[in-house]
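Beneath this line is the structure, given in structure tokens, with notes to follow.
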Amino acid sequence: MAPTPRRAFLRGLKGGAPFVLVIAPFGLLFGVIGTEAGLNIAQVMGFTALVIAGAAQFTAVQLMVDDAPTVIVLATALAVNLRMAMYSVSLVPHLGAAPLWQRALVAYGLVDQSYAVSILEFETGVAMTRPEKFAFFMGSFLVLAPFWYASAYLGAVAGTAIPADYALDFAIPITFLALIAPALRTGPHVVAAFVSTVLALVLAGLPYGTGLLLAACAAMVAGALSELALDRRP
Amino acid sequence: MTAFSNAQIWLVIFGLAAGTYLIRISFLGLIGDRALPGWVLRLLRYTPVAVMPGLVAPLILWPAATGGTLDPARLAAAGVTLAIGVATRNVIAAVAAGLVTLYAGLWLLG
Numbered sequence: 080m081a082p083t084p085r086r087a088f089l090r091g092l093k094g095g096a097p098f099v100l101v102i103a104p105f106g107l108l109f110g111v112i113g114t115e116a117g118l119n120i121a122q123v124m125g126f127t128a129l130v131i132a133g134a135a136q137f138t139a140v141q142l143m144v145d146d147a148p149t150v151i152v153l154a155t156a157l158a159v160n161l162r163m164a165m166y167s168v169s170l171v172p173h174l175g176a177a178p179l180w181q182r183a184l185v186a187y188g189l190v191d192q193s194y195a196v197s198i199l200e201f202e203t204g205v206a207m208t209r210p211e212k213f214a215f216f217m218g219s220f221l222v223l224a225p226f227w228y229a230s231a232y233l234g235a236v237a238g239t240a241i242p243a244d245y246a247l248d249f250a251i252p253i254t255f256l257a258l259i260a261p262a263l264r265t266g267p268h269v270v271a272a273f274v275s276t277v278l279a280l281v282l283a284g285l286p287y288g289t290g291l292l293l294a295a296c297a298a299m300v301a302g303a304l305s306e307l308a309l310d311r312r313p
Numbered sequence: 002m003t004a005f006s007n008a009q010i011w012l013v014i015f016g017l018a019a020g021t022y023l024i025r026i027s028f029l030g031l032i033g034d035r036a037l038p039g040w041v042l043r044l045l046r047y048t049p050v051a052v053m054p055g056l057v058a059p060l061i062l063w064p065a066a067t068g069g070t071l072d073p074a075r076l077a078a079a080g081v082t083l084a085i086g087v088a089t090r091n092v093i094a095a096v097a098a099g100l101v102t103l104y105a106g107l108w109l110l111g
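In the order they appear, the protein sequences are chains A and B. Remember, my numbering sits 79 above the position in the first sequence when you count from 1. Remember, my numbering sits 1 above the position in the second sequence when you count from 1.
Given below as structure tokens:
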């Protein structure tokens with residue numbers, strides 16, 4: 080009995096489903112924070128449906144609250160999303176030969192959770208044909224998408240009802256710390272985070288958020304160099 | 002509250018959406034399977050941990066809500082979030098623990 084794309088799609092749905100528990104609270108939080116920051120519901124939904132990248136969305140909103148120039152808001156938030164170029168690279172052996180419309184859809188849905196579930200399945204699961212891989216990926220994304228949109232909408236609606244002085248200013252730092260902590264997987268990741276923290280504090284006086292961009296560049300180099308140093312050690 | 006106008010906010014949304022889509026489709030759609038140099042991949046691996054800690058550090062040490070002075074409740078909340086996040090690798094558990102600490106701290110100290 081050969082697995083069909085339909086069955087692969089269903090397995091994708093099942094693979095992505097547990098992550099609803101991660102993305103729904105996250106979407107809710109973005110809706111609330113975005114509204115508190117002064118976005119209207121259409122703008123919250125614009126971020127949610129067009130950008131679909133929580134960490135970058137929080138980054139953009141925080142920098143808009145800090146009154147950074149538009150260029151800096153975009154550059155910094157896009158830097159957070161650069162990791163997705165890696166995802167894109169690693170999917171090429173699996174989906175690079177798919178029709179363009181399929182690759183265009185996969186790119187839209189290339190979020191952390193769907194990527195993680197799919198690449199694991201492609202590389203360690205039972206062998207799949209290309210159409211099955213496409214179906215699996217779309218399943219893992221489509222099970223999450225409705226919850227992502229709906230939770231952000233609910234958050235935005237609720238946000239308008241929450242009094243402004245509720246220490247919600249600190250929900251963003253807490254969210255970021257929660258995202259950073261599991262990413263501190265290796266020594267070089269810790270080095271990068273440390274360099275980023277120290278330099279951002281030292282350079283905080285620089286205008287227009289340029290201190291953060293400089294700190295981030297230095298931290299990337301520090302992470303890469305410590306990885307190289309570790310690799311070279313016998 | 003942001004001082005960005007409606008038009009500026011939409012500019013950020015569309016700019017970020019377009020840029021993010023280009024990053025996502027980059028290799029899959031446009032560049033194909035030409036290999037990326039190892040040093041580029043190595044740098045890309047560190048982008049999230051290079052950007053986010055720097056963004057968050059001043060917010061923790063100098064919160065705008067307290068006029069930029071260090072606040073014990075917020076500092077404790079940050080510490081608990083990080084500790085639970087490292088220990089459990091569970092984002093939602095870390096957020097929840099952080100918020101509980103924050104509100105408990107504000108209630109006890111405030």
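Just so you know, even glycine gets a beta-carbon here, dropped at the ideal spot from N, CA and C. Nothing here was measured: the structure is a model prediction, and the numbers come from that model.
In the displayed model, Arg90 of chain B falls within coil according to three-state DSSP, outside both helix and strand. Per DSSP, reduced to three states, the secondary structure at Ala4 of chain B is coil, with no helix or strand assignment.
Counting every other CB atom within 10 Å of its CB across the protein chains shown gives Asn160 of chain A a total of 16 or more, marking it as buried.
At a C-beta separation below 8 Å, Leu109 of chain B has no neighbours in chain A, since its nearest C-beta there lies roughly 13 Å away. For Thr82 of chain B, the nearest CB of chain A lies under 7 Å from its own CB, placing it at the interface with that chain.
Sequence-ordered contacts of the segment 159-182 of chain A with chain B read Val159, Asn160, Leu161, Arg162, Met163, Ala164, Met165, Tyr166, Ser167, Val168, Leu170, Val171, Pro172, Leu174, Gly175, Leu179 and Arg182 [C-beta pairs closer than 8 Å].
Burial state of Glu202 of chain A is exposed, judged by a 10 Å Cβ sphere holding fewer than 16 other Cβ atoms. For a Cβ distance threshold of 9 Å, nothing in chain B lies close to Glu211 of chain A: the least Cβ distance comes to about 17 Å. In the structure shown, Tyr194 of chain A falls within a helical segment according to DSSP collapsed to helix, strand and coil. In this structure, Ala103 of chain A places its C-beta atom within 7 Å of the C-beta atom of Ser230 of chain A.
Remark: C-beta atoms of Gly20 of chain B and Leu292 of chain A do not approach each other more closely than 7 Å. Listed along chain A, the residues sitting closer than 7 Å to Ser27 of chain B by beta-carbon distance are Ala164 and Ser167. Closer than 8 Å at the C-beta level to chain B, one finds these residues of the segment 247-263 of chain A: Asp248, Phe249, Ala250, Ile251, Pro252, Ile253, Thr254, Phe255, Leu256, Ala257, Leu258, Ile259, Ala260, Pro261, Ala262 and Leu263. Only buried fits Thr3 of chain B, as 16 or more other CB atoms lie within 10 angstroms of its CB. Close to Pro59 of chain B, with beta-carbon spacing below 8 Å, are these residues of chain A in chain order: Ala279, Leu280 and Ala283. For Gly91 of chain A, the enclosing alpha helix (DSSP H) stretches over residues Pro84 to Gly95.
Nearest to Gly55 of chain B by alpha-carbon distance, out of A:Asp310, A:Arg311 and A:Val270, is A:Val270. Rounded to whole angstroms, the Cβ separation of Ala116 of chain A and Val13 of chain B is 11 Å, and the two are not in contact under 8 Å. Sequence-distant Cβ neighbours of Ala297 of chain A in its own chain, meaning closer than 7 Å and more than five residues away, are Val274 and Leu278.
Rounded to the nearest whole angstrom, the C-alpha separation of Gly69 of chain B and Trp63 of chain B is 4 Å.
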